[in-house]
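Colleague: Please read through the structure below; I'll follow up with questions.
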Amino acid sequence: MSDERREVMSLGFAHDSAAEVRLDAALQRLRALDSSVRPSSIVAVGDTLPIGADASFLRGHGTRDGEEGQVCATVCGVVKRINRLLSVQPLKTWYVAQTGDVVVGRVTELAPKRWKLDVGSAHEAQLMLSAINLPGGAQRRRTAVDELNMRNIYVEGDLVTAEVQSVFHDGSVVLHTRSDKYGKLSGGLLVRVPPYLVRRLKQHFHMLSPSGPLIVFGCNGWLWVGQPPPSAPSTPSSGTTTTTTTTTTKPATSGSTPGSTPGQEGSGKGVSETIVGVEERERICRVAAAIKALERGGLAVDPPALARVVEWSVGMGVSVAEMGDEDFIATVVEKEVEKRESDAAEGS
13 MSDERREVMS LGFAHDSAAE VRLDAALQRL RALDSSVRPS SIVAVGDTLP IGADASFLRG
73 HGTRDGEEGQ VCATVCGVVK RINRLLSVQP LKTWYVAQTG DVVVGRVTEL APKRWKLDVG
133 SAHEAQLMLS AINLPGGAQR RRTAVDELNM RNIYVEGDLV TAEVQSVFHD GSVVLHTRSD
193 KYGKLSGGLL VRVPPYLVRR LKQHFHMLSP SGPLIVFGCN GWLWVGQPPP SAPSTPSSGT
253 TTTTTTTTTK PATSGSTPGS TPGQEGSGKG VSETIVGVEE RERICRVAAA IKALERGGLA
313 VDPPALARVV EWSVGMGVSV AEMGDEDFIA TVVEKEVEKR ESDAAEGS
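Quick note: the sequence shown uses our numbering, first residue 13, plus one each step.
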């Protein structure tokens, strides 16, 4: 190996090490701001839970009896105590659906009068044929012909945004798309983060700027970033007025459903798809990289935080490819800590 090669590699290792030190220091400052997180509340498998001298407790999920009456953790996570119930909440879990949640899922199978979707939960979600809007907005009972044409609406692999209609006792989820804002998603990018990083919002469809891209914040940790169709509902995070974006579409084939657009029912096989331009693709990739930066920093993914990361990356002249570097991740966490410290100082 040449001397120049060794020098470049040593500089790279030094740079990565410095970024890791900065990131660790910023994360420690971030934890110090949250009084609910204590080092003793985070346990690994086999650790003894800090219960103190009080032994009047009930053993919950993620715990087991240890030696000498102690309680040990069976998963890595955070210790939770509600009255006498002691449990450990895992750091990584399946998505637990709640009625009214907006989710993004992928169609995995077509069954009689229903589609099965993967939404990141322990059970596949079901979207009934009677729980969608028929192409053209027809209001009538579903017939055998509609069941035969199900593949013209959604096929395996399609991304769909829907709302949780009901959750059964076994954890199975039933979805519905009885709104124009729900339906098939195309012309964008899917980003997955842990569900606990996505907060439940009043509005889960947002645009960081009037020109897009459209971001769907799925409560299951699946976020879709893409070019909005002309009829897509959106809420600009900056408070500006939303304008309609003109999109170019491919001609529909003979099997397409008339009047259907991306993001609506009837946009399955053979339907026109949005052609996303180069500038729109760069904006989509920048927002997706900002989401992953927040995830790596352990920060909540919401519209204000996402808008700040995108603004910081543009202001610092950071390219989309460089937004995944540890140096930029450390900068994001440091700026977030500074903002929270400033807000805390103003509040006091």
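Just so you know, even glycine gets a beta-carbon here, dropped at the ideal spot from N, CA and C. Bear in mind that the values here come from a model prediction, so they are computed numbers and not experimental data.
1. Tell me which residues share the same chain as Gly24 and place their Cβ nearer than 7 Å to its Cβ, disregarding the 5 neighbours each side in the sequence.
2. Quick one: using the 10 Å Cβ neighbour count with 16 as the cut-off for buried, is Leu365 buried or exposed?
3. For the beta strand (DSSP E) containing Asp77, list its first residue and its last residue.
4. How many angstroms separate the CA atom of Trp106 from the CA atom of Cys231?
5. Going by other Cβ atoms of all chains shown within 10 Å of its Cβ, with 16 needed for buried, is Arg298 buried or exposed?
6. Quick test of your reading: Leu197 and Leu171, contact by CB under 8 Å. State the CB separation rounded to the nearest angstrom.
7. Consult DSSP for Phe340 and reduce its assignment to one of helix, strand or coil.
8. Out of curiosity, what's the CA-to-CA distance linking Val205 and Ile227?
9. Distance, Cα to Cα, Ser29 vs Val288?
10. In whole angstroms, give me the CA-to-CA distance for Val344 and Gly309.
11. Look at the alpha carbon of Ser178 and the alpha carbon of Met328, and state the distance between them as a whole number of angstroms.
12. Look up Gly195 in the DSSP assignment and give the residues it is bridged to.
13. Is there contact here, the region 183-201 with the region 129-139, by at least three beta-carbon pairs under 8 Å?
14. Identify, in the order they occur along the chain, each residue of the same chain with its Cβ nearer than 8 Å to the Cβ of Leu97, setting aside the five sequence neighbours on each side.
15. Cα-Cα, which of Arg293, Arg190, Pro315 and Thr173 is closest to Gln239?
16. To the nearest angstrom, report how far apart Glu121 and Asp158 are at their CA atoms.
17. Just list the residues that DSSP pairs Phe217 with in beta bridges.
18. Using 8 Å as the cut-off, can you tell me whether the region 300-317 makes contact with the region 334-348, which would need three or more C-beta pairs spanning the two stretches below that distance?
19. Which residues in the same chain as Tyr166 place their Cβ atom closer than 7 Å to its Cβ, once the five residues preceding and following it in sequence are excluded?
20. DSSP on Cys88, reduced to helix/strand/coil?
21. Where Ala319 and Val83 are concerned, what is the direct C-alpha to C-alpha distance, given to the nearest angstrom?
22. Which partner residues of Leu141 appear in the DSSP bridge assignment?
23. Just verifying my parser: in three-state terms, what is the DSSP assignment at Glu348?
24. Reducing DSSP to helix, strand and coil, say where Gly238 ends up.
25. Which of the three DSSP states is assigned to Leu70 in this structure?
26. Which of the three DSSP states is assigned to Trp127 in this structure?
27. Helix, strand or coil, according to DSSP, for Pro102 in the structure here?
28. Have a look at Asp337 and Val322 and give me their C-alpha separation to the nearest angstrom.
29. Which word fits Tyr194, buried or exposed, when buried means at least 16 other C-beta atoms lie within 10 angstroms of its C-beta?
30. For Ala300, collect the residues of the same chain with a Cβ closer than 7 Å to its Cβ; drop the 5 residues on either side in sequence, then sort them by chain order.
31. For the beta strand (DSSP E) containing Val185, name the first residue and the last one.
32. Apart from the five residues just before and just after Leu314, which ones in its own chain have a Cβ nearer than 6 Å to its Cβ?
33. Quick one: what does DSSP say Leu39 is sitting in, helix, strand or coil?
34. Name, in chain order, the residues that DSSP records as bridge partners for Glu121.
35. Rounded to the nearest angstrom, how far is the Cβ of Ala302 from that of Met335, given a contact under 8 Å?
Modeller: The answer reads as follows:
1. Unreliable placement is indicated for Gly24, whose pLDDT of 40 sits below 50; no coordinate value is reported for it.
2. Outside the shown range of the chain, which is 13 to 360, sits residue 365, and nothing can be said about it.
3. Counted as a single uninterrupted DSSP element, the beta strand (DSSP E) harbouring Asp77 occupies residues Thr75 to Asp77.
4. 12 Å
5. Burial call: buried.
6. 4 Å
7. helix
8. 14 Å
9. In this model, Ser29 and Val288 are separated by some 38 Å (Cα to Cα).
10. Approximately 8 Å between the Cα atoms of the pair.
11. 45 Å
12. Answer is Thr173.
13. yes
14. Excluding positions up to five away in sequence, the list reads Phe69, Leu70 and Gly72.
15. For the residues Arg293, Arg190, Pro315 and Thr173, the minimum Cα distance to Gln239 belongs to Arg293.
16. 17 Å
17. In the DSSP output, where bridge partners are listed per residue, Phe217 has Val228.
18. yes
19. Val119, Trp127, Val172, Lys196 and Gly280
20. Under the three-state reduction of DSSP output, Cys88 falls in the coil class, being neither helix nor strand.
21. 43 Å
22. BP columns for Leu141 are empty, so no partner.
23. helix
24. Looking at Gly238 - three-state DSSP - the assignment turns out to be strand.
25. strand
26. strand
27. strand
28. Roughly 15 Å between the two C-alpha positions.
29. buried
30. Excluding residues within five positions, the ones whose Cβ falls inside 7 Å are Leu201, Val203 and Val237.
31. Val185 to Thr189
32. The sequence as given places Asp at residue 314; Leu does not occur at that position. Within the same chain, Asp314 has close Cβ partners Arg211.
33. helix
34. Lys128
35. 7 Å
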